[in-house]
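Student: After the structure tokens below, expect a handful of questions from me.
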Amino acid sequence: MIQAQILPTPAGPLSLLSHEGVLVAAGFTADPDEMLARLSPALRALGMTRVDDLGHAAQAVRDYLDGDLKALDGVAVSQPGTPRRQRLLTALREVPPGATVTYAELAERAGMPRTAARAAGGACAQNLIAPFVPCHRVLPSTGGYGGYYYGTPVKQWLLAHEAGTL
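Here it is as structure tokens:
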């Protein structure tokens, strides 16, 4: 069974979905069913129940919001993807809070040539576990914030929170 919890944040409600203590989805929505729909058929088939407290993952969010910007790093996550996608997601988790990278830099950190920037963008676009896998820390090389699945205002809030400019 997938367990779901919705946490209030200044950037909006954050839904967390966990299976056997591992976070399989997280996103800025008040409807965990939206997150469930993005999971693999095998995980969706397990069903979902809402819980009051997911424990470590929920506490990590509270700690992050209280200023411990590395709190999300200690939460176990799992999402599907090819070995190439997994390298990109791992490199993404290694971008420290308060820092940003371009898509090309992310690809380089994952051990891929600069031409893999498009793959880095795809990994960010399909990331199921925001902000634990911090795709908000990737910006286009042309400037600005670029896209973000949960909207530019959420991305801006996360970056400002991490930069200590709120």
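Heads up: the sequence shown runs through residues 110 to 275, numbered per my numbering.
Every residue, glycine too, gets a C-beta built ideally from N, C-alpha and C.
In angstroms with no decimal places, state the Cα-to-Cα distance between A213 and R196.
Tutor: Taking the straight line from one Cα to the other gives about 14 Å.
Student: Given a cut-off of 8 Å, decide if A139 and L125 are closer than it, judged by their beta-carbon atoms.
Tutor: No, the Cβ-Cβ distance between L125 and A139 is not below 8 Å.
Student: Give the straight-line distance between the Cα atoms of M110 and D177, rounded to the nearest whole angstrom.
Tutor: Distance between the alpha carbons of M110 and D177 is about 30 Å.
Student: Where K264 and L155 are concerned, what is the direct C-alpha to C-alpha distance, given to the nearest angstrom?
Tutor: Answer to the nearest angstrom: the Cα atoms are 31 Å apart.
Student: Is it true that the CB of T209 sits closer than 8 Å to the CB of V247?
Tutor: Their beta carbons are under 8 Å apart, which means V247 touches T209 by this criterion.
Student: Within 10 angstroms of its Cβ, does E271 collect 16 or more other Cβ (buried), or is it exposed?
Tutor: Burial call: buried.
Student: Suppose contacts are defined by Cβ-Cβ distances below 8 Å. Is E203 in contact with R218 by that definition?
Tutor: Yes, these two residues count as a Cβ contact at 8 Å.
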